[in-house]
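All residue numbers for the sequence shown refer to the working numbering, where the first residue is 1 and numbers rise by one.
Glycine included, each C-beta is placed from N, C-alpha and C at the ideal position.
Only one structure is covered here, and it is reproduced in the block below.
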Amino acid sequence: MNLWNETKSIPISRPMVWAAYKKVRANKGSAGVDAVSMEEFDANRSKHLYKLWNRMASGSYFPPPVKEVEISKNDGKSRKLGIPTISDRVGQMVVKDFI
Numbered sequence: 001m002n003l004w005n006e007t008k009s010i011p012i013s014r015p016m017v018w019a020a021y022k023k024v025r026a027n028k029g030s031a032g033v034d035a036v037s038m039e040e041f042d043a044n045r046s047k048h049l050y051k052l053w054n055r056m057a058s059g060s061y062f063p064p065p066v067k068e069v070e071i072s073k074n075d076g077k078s079r080k081l082g083i084p085t086i087s088d089r090v091g092q093m094v095v096k097d098f099i
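Shown next, in the form of structure tokens:
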């Protein structure tokens with residue numbers, strides 16, 4: 001048994017989180033319910049990504065609430081759209097890439 005198996009319960013690596021972050025960054029997008037924009041996220045990027053990796057790798061990550069926005073449709077009606085936080089989008093991308 002190696003050190004990895006003793007300290008982390010989920011096989012999520014830092015390079016996996018970094019690759020997911022780069023994909024989310026390229027896609028742009030707006031801030032979620034926490035109102036943290038991509039520029040603000042980048043100002044403390046290593047702190048945010050380390051916290052996300054640590055929680056995902058230990059199995060203690062729980063996503064924050066999703067910001068709800070109504071967008072109008074062509075027929076005049078509207079529909080609700082959920083906007084996750086940047087950290088949650090990175091976490092979703094890690095899972096998507098892992099699967």
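Distance between beta carbons of residue j and residue i, contact taken as under 8 Å
i, j, result
"Met56", "Ile86", "Rounded, the Cβ-Cβ distance is 15 Å, inconsistent with contact."
"Val33", "Val66", "7 Å"
"Ile99", "Trp53", "With 8 Å as the limit, Ile99 and Trp53 do not qualify as a contact, their Cβ atoms being about 17 Å apart."
Bridge partner(s) assigned by DSSP for residue i
i, result
"Gly82", "Glu68"
Run of the alpha helix (DSSP H) containing residue i, from where it starts to where it stops
i, result
"Asn27", "14 to 27"
Proximity test, Cβ basis, 9 Å: residue i and chain D
i, result
"Ala43", "Considering every chain present, this structure includes no chain D. It has just one protein chain."
Are at least three pairs of beta-carbons, each pair with one atom in the stretch 14 to 23 and one in the stretch 78 to 98, less than 8 Å apart?
yes
Touch test, the stretch 68 to 82 against the stretch 41 to 60, Cβ-Cβ under 8 Å, three pairs minimum
no
So within the stretch 29 to 72, which uninterrupted alpha helix (DSSP H) runs reach at least 4 residues, ignoring any that extend past its ends?
38 to 43, 45 to 58
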